[in-house]
Structures are given as C-alpha cells and as structure tokens.
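For reference, the structure discussed in these notes is given below.
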C-alpha cells in the first residue's frame, strides 16, 4: 500500500499547492480552499496567512521513528505550536504557506499520511491508548486499528461519502475513544470478538451508537467497515451538510431499518470480496526489574514495564519538550508513545529506571485530575471557533491552582470552542460549549454548560444542558463547586452522584 499511496499522494500534492497559492493571492475564498485543503489534512487558520497540518497516527501510535520525524520537523521549520487532539492526531500550527506541502510530502515519506485528515473522508482510526499493555484488557486491538486504517486509505480515492467517517477500537478495559458513540465503534470482548456500534456521534443532534451486531469475529472487521461505507454512501444526506453525519440515519431510517440495511451490506461484501484479516499478536521482547509508584505511572501487564503519562495542559505540546523526549527515549529498547484521546501522551514499555527519567523530563505537565482537562485549539486559531477555549482553560487552571484543592475534588472538564464538539464536551462530567450570551442587549462571551456526562465503559451517557454561563463567571463557578465538595470531605466522584440537585442549583445561579 505504501508505494501505491506515495505515487498517488505525490501526484496530487501539486494540485494542493496550486489551490494554496490561489487562496493566498485571493483568487479563491476560504470556503473553496477548505473544500480542497481539508482532504489533504490542512486548513487555513483564522489568520489566513497561517496554516494547520494534521498528522494522522493510526490508533494514536507514535513510534520512535514517527516521534523523531515530528521532532526534527519542528526544529527544521521552527514550529511553535503543536496540538495533541481528541482524535489521537498531532496538529502542526502556524505554518507558512510554503512550508505546508513540503512537510506533507516529507511526512508521507516517513509513513505519516495527512491525506484524508480532514474533509469528507475516513478520519484517523482511534484505539485505546494503552492497548496491548493495559492490565484487564480483553485483547490488544491496536493491530486491528492499524489494519482498518490501511484498508480505509486504500479505498478513500474510490468512495464519495456525504461527510467524514470516524472509527474507533476499544480494548474492553475502558472506552476513552468513545467507541460507544462513534460512526463505527468496535468494543473488544474477552473471547476475541467485537461488539459493533454504528451511527453515533457528538455535536449537534448527538446520539449513542446503535448495537449493530455482537461477537463480530476480529478477522472479519473489514467486511463491516466496507458495509458501513456502502450504507453511508447509499443513505447519507448529500443535500444538507448539517444533517449529513451517520447519526442522522438513525432518524431517516430508524434504528431497526438501519441495522437491517447495514447487515445486508455486510452479507453482500462477504459474498463479493475477500477481506479476511490475519493478525499476529505483538510480543514485547522486554522485561524490567524494580518497583515504581507514581500518579502518572501505570504498571503494564508485561512484567516490570511501565507507562508514563504526560499531559501538557490543554494538549498544547511544548516544541522543545518533544525534541527532548525523543533524545531521551531513542535508545530505550521497544519504547514508543501513544497519543491519548484526552490530549495526553503515554510513553510505554519503560523499565522503572527509564520511567523515572521520563517522569523528570515531563514534570511540567498536568499535576492533578482537573489539570488533565480537555480543550480544543479554540477561536484564536480555528476558523470555526466561537470562543477561545485554550484561554478559558488556562484562566481556570490558574485560579484553581491558587486554591490548592485536593486532587479529585474537581473533575476533568471538557471545553469546545463551538458546537462541533472537538473537545467532546457532551461526554464530560462538566462540559462547556462556546457561544454568545446577550446581557443588557450586549453580546458577551459565554459557554453552554453540560453536566454529568460520562464515557465510562458500559455506562456512557451525554451531559444534560444546564444553561448558558458567561465566560467570566466560569472560574468562580468552579471555585465555589470545589469549596462545596471539599467542605463535605469528598471528591467529585463521591459527591456528584449523591448531590445532583445541589449541582444543578449551583449551575442555575451562574447561568441565570
């Protein structure tokens, strides 16, 4: 696939460059340029002289080779802003027009594809970030996420979907990738099969996925993926982009009819094509000695090995930290990184001694559960943005740090700068969606508040809307909430299930 992709991709980069040049000269507008650039994984930022490039990382897997390429690119081009995303990709921001295509082509040579990173394409296939190393998982689903990526890329040029398609694989130990409410979500079972959910999604008209089939044989997943593409192409909405995501098929077809049509396509693909997978289990040839306990350390199922979590606040990765991390781990055997869907980074397959060195290097990250909060890139960068979610998160983190709450008193929050839900605010304990609130006939920066959402495996639910809160009131709301919980000698996890009315009353005061 690599050779075929490189030939096709390289041939098309010149087309992209022509459109980029036309946009910079003012010969085409933002909308026309976005219609082309999104398919290459690039968008113009709010400042049209600056650009973003999204690097696809199947399953969020960042091998040392990929890490080295990204770190080298950052140094070569003086890139000052990197964003870890909720879709397990890395975004390079503030790129000059002449840099974009060069990085795009070099990334492809390094095995990192940007094609299809935006637009109406199959997006980055997601995977539980600790798949293959997590204690209690059903089985390692990373090879299946990578196989799904290869297949979707191989057919991307030959399909025309109404909108993007997001696929996720959960290892059965947790569902941080939101397989329960993606366009396609594969949840691993201990017997080596998957339960498959389809046509879910966040954003406007958010919906849980419907259970399409239980116990899907792992080697058969590509038949189901092709069937979903065919279902979407046949029954998706090509007339109204606002109602074109797969979740709207739940309304237009109904759950039962959608399930029946989808399974009919599965049968058709199984008759017509040969898409069986033959995946070999990954055997980590490494072990370690010594014990290590730390809030940012997870003991792997492999004896003596550990994963270290690094969470840059807001998912904005300091460029110099990336290069330093590569220099540190490049000679550590078997070590690699995983981008997590909450905008963090795991460094896995570390011995205790190696883990201590990584902990020291990454001590500038989030210090507690609240500081692991998620925020999209925000309106200062994004064309679509309504609010500057990064600035909002930075402001509340600063205020909460001054109060010195115990870890766990405040939950992780999620902030989306607009209704697109790139911060997955609808799946948060406390979620904020950027908007405007009119006060005394004046439009003011504000956020819609959602409360008590969760992505807990087997118990996922969306947050309930609780009103619209001024941006300036969010720090005070969180401080008062923290004081209320701390006064009760509780944590959020203990307090929230028993005090729904108190939470709603507090929210109502700030949303009045």
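Residue numbers (my numbering): 1411 to 1922.
All C-beta atoms, glycine included, are put in the ideal place defined by N, C-alpha and C.
In this text, all values refer to a predicted model and were calculated from it rather than measured experimentally.
Next on the checklist: Quick check: what's the CA-CA separation for residue 1519 versus residue 1756?
Outcome noted: 25 Å
Item to check | Check whether residue 1872 and residue 1616 have beta carbons under 7 Å apart | outcome: yes
Checklist entry - residue 1596 and residue 1565 look like a contact to me (Cβ under 8 Å); what is the Cβ gap, rounded to whole Å? => result The pair is not a contact, with the Cβ atoms about 18 Å apart (cut-off 8 Å).
Next on the checklist: Out of 1847, 1896, 1892, 1832, which one is the CA nearest neighbour of residue 1493?
Outcome noted: 1832
Item to check | Option in 1560, 1758, 1420, 1509 with minimal Cα separation from residue 1718 | outcome: 1758
Checklist entry - How many Å lie between residue 1425 and residue 1481 at the Cα? => result 27 Å
Checklist entry - Do you know offhand how far residue 1724's Cα is from residue 1674's? => result 43 Å
Next on the checklist: Among the candidates 1763, 1639, 1626, 1433, whose CA atom is the shortest distance from the CA of residue 1707?
Outcome noted: 1763
Item to check | residue 1503 - partner residues in DSSP beta bridges | outcome: 1491
Checklist entry - Along the chain, where does the alpha helix (DSSP H) that runs through residue 1894 open and close? => result 1884-1897
Next on the checklist: As a quick exercise: from 1705, 1636, 1646, 1693, pick the residue whose alpha carbon is nearest that of residue 1681.
Outcome noted: 1636
Next on the checklist: Assuming the contact rule is C-beta atoms closer than 8 Å, residue 1729 and residue 1498 should be a hit. Round their C-beta distance to whole Å, please.
Outcome noted: With 8 Å as the limit, residue 1729 and residue 1498 do not qualify as a contact, their Cβ atoms being about 19 Å apart.
Checklist entry - Is DSSP giving residue 1473 helix, strand or coil here? => result coil
Checklist entry - What does a CB cutoff of less than 7 Å around residue 1716 pick up in its chain, not counting 5 residues either side in sequence? => result 1702, 1707, 1708, 1709, 1710, 1760, 1762, 1765
Item to check | Touch test, the region 1886-1904 against the region 1813-1822, Cβ-Cβ under 8 Å, three pairs minimum | outcome: yes
Item to check | Paired residues, beta bridge with residue 1537 - DSSP | outcome: 1579
Next on the checklist: At the level of alpha carbons, what is the spacing between residue 1601 and residue 1486?
Outcome noted: 47 Å
Next on the checklist: Which same chain residues end up closer than 8 Å to residue 1683 when comparing Cβ atoms and leaving out the 5 residues on each side of it in sequence?
Outcome noted: 1633, 1636
Checklist entry - By a C-beta neighbour count over all protein chains shown, 10 Å radius and 16 as the cutoff for buried, is residue 1648 buried or exposed? => result exposed
Checklist entry - For residue 1803 versus residue 1847, is the C-beta spacing smaller than 7 Å? => result no
Next on the checklist: If I measure Cβ to Cβ from residue 1679 and keep anything under 6 Å in the same chain, skipping five residues before and after, which residues do I get?
Outcome noted: 1633, 1636, 1637
Next on the checklist: Within the continuous beta strand (DSSP E) that includes residue 1648, where are the two ends?
Outcome noted: Per DSSP, residue 1648 belongs to no beta strand (DSSP E) and is neither H nor E.
Checklist entry - According to the Cβ coordinates, are residue 1841 and residue 1797 closer than 7 Å? => result no
Checklist entry - Going by the CB atoms, is the gap between residue 1538 and residue 1587 shorter than 7 Å? => result yes
Checklist entry - DSSP three-state call for residue 1711: helix, strand or coil? => result coil
Checklist entry - Would the beta-carbon of residue 1721 fall within 7 Å of that of residue 1801? => result no
Checklist entry - Which residues bound the alpha helix (DSSP H) around residue 1767? => result 1762-1771
Checklist entry - Which runs of the alpha helix (DSSP H) spanning at least 4 residues fall entirely within the region 1718-1794, listed in chain order? => result 1729-1739, 1762-1771
Checklist entry - What's the call for residue 1650, buried or exposed, on a 16-neighbour Cβ count within 10 Å? => result exposed
Checklist entry - Quick one: what's got a C-beta closer than 7 Å to residue 1816's C-beta in the same chain, skipping five residues either side? => result 1896
Item to check | Spatial neighbours of residue 1576 in its chain, beta-carbon cut-off 6 Å, leaving aside the 5 residues before and after | outcome: 1533, 1592, 1593
Checklist entry - Once you ignore the five residues that flank residue 1460 on each side, which residues in its own chain have a CB closer than 6 Å to its CB? => result 1504
Item to check | Nonlocal neighbours in the same chain, by C-beta distance under 8 Å from residue 1768, ignoring five residues either side | outcome: 1718, 1720, 1735, 1738, 1739, 1757, 1760
Item to check | Among 1899, 1906, 1921, 1834, nearest to residue 1877 - alpha-carbon criterion | outcome: 1921
Item to check | Cβ-Cβ separation, residue 1618 to residue 1598 (assumed contact under 8 Å), whole Å | outcome: No, residue 1598 and residue 1618 are not in contact; Cβ-Cβ is about 18 Å, not under 8 Å.
Checklist entry - Per DSSP, residue 1594 forms a beta bridge with which residues? => result 1577, 1608
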